[in-house]
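Encoded as structure tokens, the structure appears first; notes follow it.
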Amino acid sequence: MNAPSEPHDDTPAAPAGLNRTALAIGAFFAVLIAFNVAFYVVALTHPVQLLPVPSAAAAQAVAPSAPR
Numbered sequence: 007m008n009a010p011s012e013p014h015d016d017t018p019a020a021p022a023g024l025n026r027t028a029l030a031i032g033a034f035f036a037v038l039i040a041f042n043v044a045f046y047v048v049a050l051t052h053p054v055q056l057l058p059v060p061s062a063a064a065a066q067a068v069a070p071s072a073p074r
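All residue numbers in the sequence shown are consecutive under the working numbering, ending with 74.
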């Protein structure tokens, strides 16, 4: 009646730490955020001129000569 019996537990054991899926998702977002931060730092410190702004010398060189 008092025979020792093994404890019976049907609940699955919780993972000790983060599992591979959580680590993969976390690494993906960490890399995504790092690339975004790097992109914005480069974009803010290296302005790119998308449309040319004509200088006065270039405008005179292209403008037709005044009639005489």
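For glycine and all other residues, C-beta sits at the position ideal for the given N, C-alpha and C.
Give me the Cα-Cα distance between residue i and residue j, rounded to the nearest whole angstrom.
{"i": "Val48", "j": "Gly32", "result": "24 Å"}
{"i": "Leu38", "j": "Val54", "result": "23 Å"}
{"i": "Phe35", "j": "Leu57", "result": "34 Å"}
{"i": "Ala44", "j": "Pro60", "result": "32 Å"}
{"i": "Asn25", "j": "Leu50", "result": "37 Å"}
{"i": "Ala40", "j": "Leu29", "result": "16 Å"}
Determine whether the Cβ of residue i lies closer than 8 Å to any Cβ atom of chain C.
{"i": "Ala30", "result": "In the structure shown, chain C cannot be found, because there is only a single protein chain."}
Report all residues from its chain with a CB closer than 8 Å to the CB of residue i; omit the five preceding and five following residues, and keep chain order.
{"i": "His52", "result": "none"}
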